[in-house]
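Chemist: Line by line, the protein sequences give chains X and S. Note that my numbering has the first sequence beginning at 343, numbered continuously upward. Note that my numbering has the second sequence beginning at 10, numbered continuously upward. Provided herewith is a single structure, encoded as structure tokens, for subsequent inquiry.
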Amino acid sequence: MIKTGIGFAPSRRAILQGMAAAATLGLPAMKAMAATIPTSGKLTVTVLDFLEAPLKPVFEAYKAARPGVEIAYEVAPSHDTELIPLMLARALAGKLTDIVFLFDELAALYADAGITADLRPYFESGGAVTASYFAKPFLDQYLMTSGDKKGGYYGLPYGADTVVQFYNKKHFDDAGIPYPTGDWTFDEMIAVAEKLTIRDGGKTTRYGLAAQIPWQATYVPGIEAWGGHILRDDGTVDLTSDAALKTFNMYWDQAKKGVIASYTQSPNGDIWSAFSSGFASMTQTVRALVPSFRSSMKDDWDVCFTPKINGVHKTGMGSLALDATPSGVANNADLVYDFLTWYYSGDGAMGILSSTYAIVPPVESLYESPVWRNLPGPPSNTSVFSDSIAFGAINPNTIPHAVQSIINKELRDAEDAVVLNGADPAEMLANAEAAVNQALAEELAK
Amino acid sequence: MWSAPVLNAVTMTLEAVVSNPIMSLTPQRTNSQVTRVPWGWLTLFVAPNVLLFTLFLIVPMVVALGLSFYSWDLISAPRFVGFDNFIAIPRDARAVNSIVKTAYLILIGVVPTVIVSFLVAVLANTKFPGIRIIRTIYLMPLVISFVASAVLWRFVFDARFGPINTILSWVGIDGPNWLQSTSWAMPAVAIVIVWLRFPLGMLLYLAALQSINPSLLEAAQLDGANTWQRIRHVIWPSVRPVTFLVTIVTLRGVLFDSFDVIQVMTGGGPVKSTEILIKYIFDVAFSQLKLGYASALATALLVIVTILALLLSPPRAGGRA
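Shown next as structure tokens:
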């Protein structure tokens, strides 16, 4: 779900701060680490392109902690249409690396294709990292709930990402509007967005809110807040429910008025850049974007909770992941398991990545950790990132990737038809649902 | 960037090619008969091209044709489905839409490219100081990558900050949201395609124009033909073989190479208004992982191209086209 495509380069100082702070994490004792620390061997990793910069220091730190161990990584494109054929081709050719990074949307596909391995043997290997070590909702994204992989874990969360409201403090100051506290309703947020919107003639020159409307992290929590679900009991996708219609309409109505910028209204379709460039005063996105906003924004900014919808607090949630490959487990299990255990330890990736603002550790015991909470702002209101996990809503991982790609496409088209051409939202959602469920039926018939 | 000498060299080469007896429509005979065929040299020169052509065109085409009879998602084993993939095409609304959009793009992309190429070539064929520099400028789109061009044009068409709408506003015209409009997105894409494609057409036409016997034009002038009549009755018929070549090359470019431009500029939107067949094939293959169905669509595209090529240049008696 969290496909931001944003890369960043953490400073050396930030890394050192992170490693120092990590010593205060108070993580559970790492039995496996103390038991057998490898002194030789080679570990290979495939990283997504936008993760190369943050993970480079992680790999360096691992090499420093394991003298004699070699670690080699290769970069894979993050766009689905390039990444999936590449990984499937490598799997077919038996050329997978020991460890791969992936998106939650791809978990089932990767598992079915034999790209990722079931991690239950790792959890049961006697080390400190077990299934209960992770925050349940984030690990459960990678728990297969059907098919022959049912019950297996095919990924470990990279971070604990929830969607929060980012706002430009200068725009609020200029408009004489008090900063939001997060205790607000969707209508109140729209009223603020309307005040922040600037128009020149009939055209909006600054939007109140930049929102990725046809994104599951936007519409799934909305639908749930209105009492609906994205999936029906029979497993089909429900885009025609009253809850779905209300959810999309409340965003699309404002997009039509020029208050909300979605894909088509944002320059180059880049919603996050619309916020960071000052083209929009607020946006709704995840912690992974913080390093990018910190490096690119001139104005001061902060975060708060996304507004309540229908009196209910719900927000999008998800995470990237990493996993061992079957060949990695078969041929290099000691090193693979050692890396994973080190990765989630205090002096491993958790400390380093947290110190760069990139992640909230996906480990409940670290939600209050100073390693990420005490970093200087912006953002100052860091508790929002962990507190909103309590009301997070996750897109079901039972939707096959091929179908999810149809959902994304059809909803984007529906949005353009409604917002640009004034089409009837109910009709557009019905068309989208028909196309999606046809694709789902074809997928299930395979 | 191409310099004037390079342009001249290319122009001369093309001129030589167009005027070469082998390229001529009528068989040429020479007095001296070839008695020995230098098979060694022929093989040496032809083999690399044939090898690469076979490896990267023939083999993939045959594999794609084979795949079109299977259902395959790169994960499970391919399953033979006979003609199911082909039968599914007319029932697939997105496929039909993409074929219609492809036809629309051909209409507003290929025809203007041929006309603009010809007219610019006629202008560039005149002699005045600085003409070589102007010719070089015209050729610049040839050396810019499609993706870079598309990024540039996306900015040019920006409704708020783009130069086109800014210029239109100077004369009181409220320009459209080019790339966000289902009506204007495809014409915007076509403009970019014409811009990218016309330099090659111009180059081919220029070579052909320079091979026209000047006495023909002088005779027409003496007979009282004005400029338009000379273009219409002397120049245009003289470059007809090149028109066919430009049309085919542009058609192929529009059908296959427009993917980069559309992917960057519109992504096929808004509301599938620029989703041409090659873009849809890409989505089916690499987003939906339906390799068999995508292969069937690609085969259909090949058939469409072949039919269009045959319509433009039907085989003639004696086997010469």
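Yeah, the Cβ is synthetic: ideal placement off N, Cα and C, and Gly gets one too.
Note down, in chain order, every chain X residue with its Cβ under 8 angstroms from the Cβ of Arg163 of chain S.
Modeler: Asn610, listed in chain order.
Chemist: Name, please, each residue of chain X whose Cβ falls closer than 7 angstroms to the Cβ of Pro279 of chain S.
Modeler: What Pro279 of chain S touches in chain X: Thr606, Asp758 and Leu762.
Chemist: One question on the structure: do His513 of chain X and Leu538 of chain X come within less than 7 angstroms of each other, judged by their Cβ atoms?
Modeler: It is a contact, given that the beta carbons lie within the stated cut-off.
Chemist: So the alpha helix (DSSP H) Tyr495 of chain X belongs to, where does it begin and stop?
Modeler: First-last for Tyr495 of chain X: undefined, no H or E at that position.
Chemist: On the criterion of 16 or more Cβ atoms from any shown chain inside 10 Å, does Asp292 of chain S qualify as buried, or is it exposed?
Modeler: Counting Cβ neighbours within 10 Å, Asp292 of chain S comes out buried, since at least 16 surround it.
Chemist: Lys650 of chain X: buried (16+ other C-beta within 10 angstroms of its C-beta) or exposed?
Modeler: Buried, since its Cβ has 16 or more Cβ neighbours within 10 Å.
Chemist: Compare the C-beta of Gln189 of chain S against all C-beta atoms of chain X and say whether one is closer than 7 angstroms.
Modeler: For Gln189 of chain S, the answer is yes, since a Cβ of chain X falls inside 7 angstroms of its Cβ.
Chemist: Tell whether a beta-carbon distance below 7 angstroms holds between Thr582 of chain X and Glu769 of chain X.
Modeler: Against a cut-off of 7 angstroms, the Cβ pair of Glu769 of chain X and Thr582 of chain X comes out as no contact.
Chemist: The segment 80-110 of chain S: which residues have C-beta closer than 9 angstroms to a C-beta of chain X, in chain order?
Modeler: From the segment 80-110 of chain S, only Ser80, Asp82, Leu83, Ile84, Ser85, Arg88, Ala102 and Arg103 have a Cβ closer than 9 angstroms to chain X.
Chemist: Straight-line CA distance for Gly620 of chain X to Thr315 of chain S?
Modeler: Cα to Cα, Gly620 of chain X sits roughly 51 angstroms from Thr315 of chain S.
Chemist: According to DSSP, is Asp515 of chain X helix, strand or coil?
Modeler: Looking at Asp515 of chain X - three-state DSSP - the assignment turns out to be helix.
Chemist: With three or more beta-carbon pairs closer than 8 angstroms as the criterion, would you say the segment 688-696 of chain X touches the segment 594-608 of chain X?
Modeler: Verdict: no, contact absent.
Chemist: Quickly, what does DSSP pair Leu109 of chain S with across the bridge? List them, please.
Modeler: The residue you asked about is not Leu; residue 109 of chain S is Val in the sequence shown. DSSP, once it has assigned bridges, lists no residue as partnering Val109 of chain S.
Chemist: Tell me where the beta strand (DSSP E) around Glu416 of chain X begins and ends.
Modeler: Residues Glu412 to Ala418.
Chemist: Have a look at Met70 of chain S and Ala744 of chain X and give me their C-alpha separation to the nearest angstrom.
Modeler: About 25 angstroms.
Chemist: Using a beta-carbon distance below 7 angstroms, is Gly423 of chain X in contact with chain S?
Modeler: In the sequence under discussion, the amino acid at residue 423 of chain X is Thr, which differs from the Gly named in the question. By this cut-off, Thr423 of chain X is an interface position.
Chemist: When the Cα atoms are used, what is the spatial distance from Tyr605 of chain X to Gly719 of chain X?
Modeler: So the two alpha carbons sit approximately 28 angstroms from each other.
Chemist: Does the CB of Leu114 of chain S have a neighbour CB from chain X at under 7 angstroms?
Modeler: No, Leu114 of chain S does not count as interfacial toward chain X.
Chemist: Put Lys599 of chain X into one of helix, strand or coil per three-state DSSP.
Modeler: Helix at Lys599 of chain X.
Chemist: Taking 7 angstroms as the cut-off, decide whether the C-beta atoms of Val628 of chain X and Asn737 of chain X are in contact.
Modeler: Not closer than 7 angstroms, so no.
Chemist: What's the call for Tyr521 of chain X, buried or exposed, on a 16-neighbour Cβ count within 10 Å?
Modeler: Its Cβ having fewer than 16 others within 10 Å, Tyr521 of chain X is exposed.
Chemist: Helix, strand or coil for Met659 of chain X? Go by DSSP, reduced to three states.
Modeler: Residue state, collapsed to three classes: strand.
Chemist: If I follow the unbroken alpha helix (DSSP H) through Tyr709 of chain X, where does it start and stop?
Modeler: From DSSP, Tyr709 of chain X is part of no alpha helix (DSSP H); its letter is neither H nor E.
Chemist: Check each residue of the segment 536-548 of chain X: if its Cβ is closer than 8 angstroms to any Cβ of chain S, include it; give the result in chain order.
Modeler: Correct list: Lys545 and Thr547.
Chemist: Rounded to a whole number of angstroms, what is the C-alpha to C-alpha distance between Ala567 of chain X and Thr527 of chain X?
Modeler: Taking the straight line joining both Cα atoms gives about 12 angstroms.
Chemist: Give me the Cα-Cα distance between Ala159 of chain S and Asp576 of chain X, rounded to the nearest whole angstrom.
Modeler: Their backbone Cα atoms lie some 44 angstroms apart in a straight line.
Chemist: How about Ile285 of chain S and Lys110 of chain S: do their beta carbons lie closer than 7 angstroms?
Modeler: Yes. Within cutoff.
Chemist: Mind listing the chain S neighbours of Ser747 of chain X? Cutoff is C-beta to C-beta under 7 angstroms, in chain order.
Modeler: By Cβ distance, chain S contributes Ser296 and Gln297.
Chemist: Counting only beta-carbon atoms, is Asp391 of chain X nearer than 7 angstroms to chain S?
Modeler: Closer than 7 angstroms: no.
Chemist: Between which two residues does the beta strand (DSSP E) harbouring Val387 of chain X extend?
Modeler: Unbroken beta strand (DSSP E) run through Val387 of chain X: Lys384 to Leu390.
Chemist: Can you give the Cα-Cα distance for Lys511 of chain X and Phe733 of chain X, rounded to whole angstroms?
Modeler: Between Lys511 of chain X and Phe733 of chain X, the C-alpha separation is close to 25 angstroms.
Chemist: Which residues, in chain order, does the segment 632-654 of chain X contribute to contact with chain S at a C-beta distance below 8 angstroms?
Modeler: For the segment 632-654 of chain X, which is checked against every Cβ of chain S, not one residue is closer than 8 angstroms.
Chemist: Are any of the Cβ atoms in chain S nearer than 7 angstroms to that of Leu430 of chain X?
Modeler: Yes, Leu430 of chain X lies at the interface with chain S (some Cβ there is under 7 angstroms from its Cβ).
Chemist: According to DSSP, is Thr35 of chain S part of a helix, a strand, or is it coil?
Modeler: With a pLDDT of 42 at Thr35 of chain S, under the threshold of 50, the modelled position of this residue cannot be trusted, and the question is left open.
Chemist: Checking contacts by CB at 7 angstroms: is Asp490 of chain X closer than that to chain S?
Modeler: So, not an interface residue.
Chemist: Please state whether the Cβ-Cβ distance between Asp440 of chain X and Asn674 of chain X is less than 7 angstroms.
Modeler: Yes.
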